[in-house]
Amino acid sequence: MIRSSTTEAVVLRKTRVGEIHKALTLFSRERGLISAIAHGAFKIKSRLRTTSEPFHLVRVYLYHDPVRDQYKITDMESLSALDGIRASVQRYYAASLWAEVVIRSYGGGENSSRLFQLLVDSLCLLNQAPKRLVTLLNCQYLLRFLEIVGQRPDVERCGLCASELDGLSGGYVSQEEQVLVCGRCASPTALHLPAGALRYLQRTLKTPLEAAVRVGLEGQSLEALTQATYFLVQAVLETNLNSLRSGVGIL
Ligand SMILES: [Zn+2]
Numbered sequence: 007m008i009r010s011s012t013t014e015a016v017v018l019r020k021t022r023v024g025e026i027h028k029a030l031t032l033f034s035r036e037r038g039l040i041s042a043i044a045h046g047a048f049k050i051k052s053r054l055r056t057t058s059e060p061f062h063l064v065r066v067y068l069y070h071d072p073v074r075d076q077y078k079i080t081d082m083e084s085l086s087a088l089d090g091i092r093a094s095v096q097r098y099y100a101a102s103l104w105a106e107v108v109i110r111s112y113g114g115g116e117n118s119s120r121l122f123q124l125l126v127d128s129l130c131l132l133n134q135a136p137k138r139l140v141t142l143l144n145c146q147y148l149l150r151f152l153e154i155v156g157q158r159p160d161v162e163r164c165g166l167c168a169s170e171l172d173g174l175s176g177g178y179v180s181q182e183e184q185v186l187v188c189g190r191c192a193s194p195t196a197l198h199l200p201a202g203a204l205r206y207l208q209r210t211l212k213t214p215l216e217a218a219v220r221v222g223l224e225g226q227s228l229e230a231l232t233q234a235t236y237f238l239v240q241a242v243l244e245t246n247l248n249s250l251r252s253g254v255g256i257l
């Protein structure tokens with residue numbers, strides 16, 4: 007049995023174990039979510055000290071302890087430090103939200119390698135993103151996550167009557183069905199998605215992420231889109247996200 011292995015991974019979360027150890031939640035390209043202990047990583051002189059911080063992209067070397075059924079990190083190599091994320095509160099909150107979505111969806115289940123690529127691409131863009139772009143990138147990441155897990159609403163046709171959604175009057179998010187619906191099918195509790203936001207979705211969701219975030223969206227539409235996206239993601243994950251509660255007013 008092979009006890010040592012290596013994989014590319016993003017550090018999603020750290021917690022302190024005892025005085026000096028870190029328990030890390032890693033998202034790996036080949037194996038999805040992994041919990042592993044970085045012994046001594048809180049020590050000033052530890053080789054693992056900086057590479058074990060959240061949102062670092064690393065190559066990690068693991069040893070599996072068969073007795074405790076636990077992964078231990080023997081080494082970590084930095085592939086990209088992504089320091090720009092930890093340098094901005096807004097970027098850090100966005101990355102924390104994305105990490106929580108990965109964890110709560112169990113790494114996207116069978117689609118974890120696609121979700122891994124989306125996370126890495128998004129973090130690399132986030133690393134340098136100005137304030138306004140962070141909000142757009144956040145919506146794009148969350149909607150693309152929904153697509154990967156097979157839960158993104160159709161943005162072209164009403165989810166109830168299948169008529170074409172009108173780019174001049176916008177659409178509605180049904181809170182009961184979690185689909186986009188037309189004005190005739192919308193119940194009074196549906197969230198309105200302004201025309202600008204609907205056209206933005208129709209135009210950007212099929213294009214590569216880097217090109218999609220170059221398309222702008224005016225403030226009110228962006229705000230409505232953000233709220234609709236948060237609603238959909240939390241409905242799909244069947245939970246309220248802690249990062250949204252703690253990030254109120256920042257994201
Ligand atoms: Zn309809």
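Using our numbering, the first residue of the sequence shown is number 7, and each one after it goes up by one.
The C-beta atom is built at its ideal place from N, Cα and C for all residues, glycine as well.
Bear in mind the structure is a predicted one, so any value in this text is a computation, not a measurement.
Three-state secondary structure (DSSP) at residue i?
{"i": "Ser233", "result": "Checking the sequence shown, residue 233 turns out to be Gln, not Ser. Of the three classes helix, strand and coil, the one that applies to Gln233 here is helix, per DSSP."}
{"i": "Val66", "result": "strand"}
{"i": "Glu14", "result": "strand"}
{"i": "Gly38", "result": "strand"}
{"i": "Ile8", "result": "coil"}
{"i": "Ala44", "result": "strand"}
{"i": "Val23", "result": "strand"}
Starting from residue i, trace the beta strand (DSSP E) in both directions and tell me its first and last residue.
{"i": "Ser34", "result": "His27 to Ser34"}
{"i": "Asp81", "result": "Gln76 to Ser86"}
Thinking C-alpha only, which one of the options is nearest residue i?
{"i": "Pro159", "options": "Val66, Thr235 and Arg53", "result": "Thr235"}
{"i": "Cys145", "options": "Ala241, Phe61, Leu103 and Leu166", "result": "Leu103"}
{"i": "Phe237", "options": "Thr195, Arg120, Val17 and Thr31", "result": "Thr195"}
{"i": "Ala280", "options": "Ser52, Arg53, Ile8 and Met82", "result": "Nothing in the structure corresponds to residue 280, since the chain is present only between 7 and 257."}
{"i": "Arg19", "options": "Leu54, Ala105, Leu228 and Asp89", "result": "Ala105"}
{"i": "Gln184", "options": "Leu197, Ser175 and Leu174", "result": "Leu197"}
{"i": "Lys49", "options": "His62, Val73, Gly24 and Glu36", "result": "Gly24"}
{"i": "Glu162", "options": "Glu170, Val155 and Lys28", "result": "Glu170"}
What residue range is occupied by the uninterrupted alpha helix (DSSP H) comprising residue i?
{"i": "Glu1", "result": "What the structure shows of the chain is the stretch from 7 to 257, and residue 1 is not part of that stretch, so it cannot be assessed."}
{"i": "Glu164", "result": "According to the sequence provided, residue 164 is Cys. The question's Glu does not apply to it. That residue, Cys164, is in no alpha helix (DSSP H); it is neither H nor E in DSSP."}
{"i": "Asn248", "result": "Asn248 to Ser252"}
{"i": "Phe151", "result": "Lys137 to Ile154"}
{"i": "Arg120", "result": "Ser118 to Leu132"}
Compute the distance between the beta-carbons of residue i and residue j, then report whether it is under 7 Å.
{"i": "Tyr178", "j": "Ala192", "result": "yes"}
{"i": "Val221", "j": "Thr232", "result": "no"}
{"i": "Tyr69", "j": "Lys78", "result": "yes"}
{"i": "Leu143", "j": "Val219", "result": "yes"}
{"i": "Val108", "j": "Phe33", "result": "yes"}
{"i": "Ser227", "j": "Ala203", "result": "yes"}
Runs of alpha helix (DSSP H) lying entirely within the region 168-234, each at least 4 residues, in chain order: Segments of the alpha helix (DSSP H) lying fully in the region 168-234: 201-210 and 215-218.
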